[in-house]
Structures are given as structure tokens and as C-alpha cells.
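End of the first sequence = 293 in the numbering used here, gap-free, step of one. All residues carry an ideal CB built from backbone N, CA and C; glycine is no exception. Take a look at the structure below.
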Amino acid sequence: MSHLLPQSFYARDALTVAEELLGQHIHAGDVVLRITEVEAYRHPGDSASHCRMGRTPRNAPMWGPPGHAYVYLCYGIHNLLNFVTDREGEGAAVLIRSCEPVRGLPTVLARRRGPNAPVLLTGPGKVTTALAVDLTFTGRPLFVPGPLEVHEGEAPSRIARGPRVGVGYAELEHQRAPWRLAIADCPWVSQRATLVPDGERAARQLSRAARAGGRSARPARG
DNA sequence: ACAAGGATCCTCT
DNA sequence: GAGGATCCTTGTT
Numbered sequence: 072m073s074h075l076l077p078q079s080f081y082a083r084d085a086l087t088v089a090e091e092l093l094g095q096h097i098h099a100g101d102v103v104l105r106i107t108e109v110e111a112y113r114h115p116g117d118s119a120s121h122c123r124m125g126r127t128p129r130n131a132p133m134w135g136p137p138g139h140a141y142v143y144l145c146y147g148i149h150n151l152l153n154f155v156t157d158r159e160g161e162g163a164a165v166l167i168r169s170c171e172p173v174r175g176l177p178t179v180l181a182r183r184r185g186p187n188a189p190v191l192l193t194g195p196g197k198v199t200t201a202l203a204v205d206l207t208f209t210g211r212p213l214f215v216p217g218p219l220e221v222h223e224g225e226a227p228s229r230i231a232r233g234p235r236v237g238v239g240y241a242e243l244e245h246q247r248a249p250w251r252l253a254i255a256d257c258p259w260v261s262q263r264a265t266l267v268p269d270g271e272r273a274a275r276q277l278s279r280a281a282r283a284g285g286r287s288a289r290p291a292r293g
């Protein structure tokens, strides 16, 4: 028996919700996926967010009450799944980027085209394909019984952070913000090279300084 | 009404 | 590592 996350879970800052979404389970029909990688799109003033231009018909769910899905079409091809956070009237959400299969693997494989193996669920377009989530899911609540639910899963032992992917159009500050979060040392994560596990940033700076012969280490990035 | 470009994925070199 | 697929949203004329 698993437990639906309440709407209050989502009624917080997107970065906090993103962190706590890692390890939780998405239920859609017979498929259950464990969330392994997310990105926070924050309110206010996040120039990488779809809400950067204010309220529009497409991003309306992001401004609505928390705990609802926001699904949009990316590059004319992929449906990307977000969970709305913060309060009604604030445009913020968490993008679900990667998952680990928990149940319904045959269904997931049947929905998939292309190679399987480690890239099966690493990337936001693949997650929606596996869940059969499309644009009709936008605005739907996640905290009541229905076709798309989020349940309590297993919290990760360690988290890694890095810059968000594909936001080159944003201001530098928001390109670099470490608002992509993933379960550390988890194979079900995309673009792992740019992620740093919590607690290792200081260690990396030290070793970099050592390699540079103790001379001027460059200032930390981000 | 028009043009531009995108929170990606896959294939091929 | 580069490019094409593919179409909707958005801002501009």
C-alpha cells in the first residue's frame, strides 16, 4: 500500500519541492516510476522559466494551485511533465527529467522506440513516453486518485546538483543556478557529468588547487 | 498574418 | 559531435 502525497507537499518553493520529489513514485495505470532527476523553475524572476513573460494560455497551470501537472510540447515533438509548486498566483514548477522503473516495465518497453538499456528513462521526453502522459494531462491534480498520481517512495541517501539543461536563452545567473537535482550515484540520470554530489564541491576545489601547484585557484563557478 | 525558436531525442559520422 | 524531426507558442507587423 502506498500513500498519496498531499497537496500541501507542493505548496512550497520549487527548489524545496524538487529536492523532496527525488525518490517519490509516479503512478500512471500499471506503470510506477521512481523520480531520480528534476529541475526547479522558480518564482519569481527565473529567466529560464516559461513564466518569465508572465501569464499566457500555455503556462496558465503554472500560475494555478500547487499539486497539478503542467505538460507542454517541446521542440514540436516531446511532451514534458512538470509538477506545479508554490501558491496559486505564483508561476513555479518542477520538471521531471528522469526516472527509474519500479513496476510495469513491459508496458514501458512497449511504448518505447529506439534503444533500451540505460537510457530507457533518462530524459524528460522519455519519462512522458513511458507514462503515456500527453497534453491532455496538463492541469490535472496529482494528489487525488486518478490517471496520474504521486506517491511516497524511498528518499535518496545523497543528492547531486548542477545547472539546468537546455536553458541557454536565460540570463547567465539563471543558466548557472544549480537547480537541477538528482539522486547521487544513480544510473537513471541524464548528463551526469555536470552534477556534483552534495559535500564534494569543496573537495573538488581543493584538488583543483593542488593540481595548479597551490597557485591562484580560480573563483568557484555558480 | 508571419517568423522565430524551443526545459529533446535519435541517427549517423 | 552534428544535424534533422516537427509544431505549437509567442511576440511582432
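Across the structure, P268 and L202 are spaced so that their CA atoms are roughly 28 Å apart. Going by DSSP, Y146 is part of no alpha helix (DSSP H) at all; its letter is neither H nor E. Beta-bridge partners of F154 (DSSP): A140 and V165. Around H96, the same chain offers S73, V103, L104, R105, I106, V173, V221, H222, E223 and G224 as residues with beta carbons nearer than 8 Å, after the five sequence neighbours per side are excluded. By the 16-neighbour rule on beta-carbons within 10 angstroms, R232 is buried. By DSSP's assignment, R251 forms a beta bridge with E110 and G233. Here DSSP, grouped into helix, strand and coil, assigns A201 to helix. Considering only Q78, P227 and A140, the residue with the shortest C-alpha distance to V204 is A140. By the C-beta criterion, the region 160-171 is judged to be in contact with the region 193-200, since at least 3 inter-stretch pairs fall below 8 Å. Sequence-distant partners of A164 (beyond 5 residues in either direction) whose C-beta falls short of 7 Å from its own C-beta, in its chain, are A85, Y112, M133, Y141, N153, F154, V155 and T156. If you look at V179, you'll find it in the alpha helix (DSSP H) that goes L176 to R182. In the DSSP assignment, E90 falls within the unbroken alpha helix (DSSP H) covering A85 to L92. Per DSSP, the beta-bridge partners of A99 are V102.
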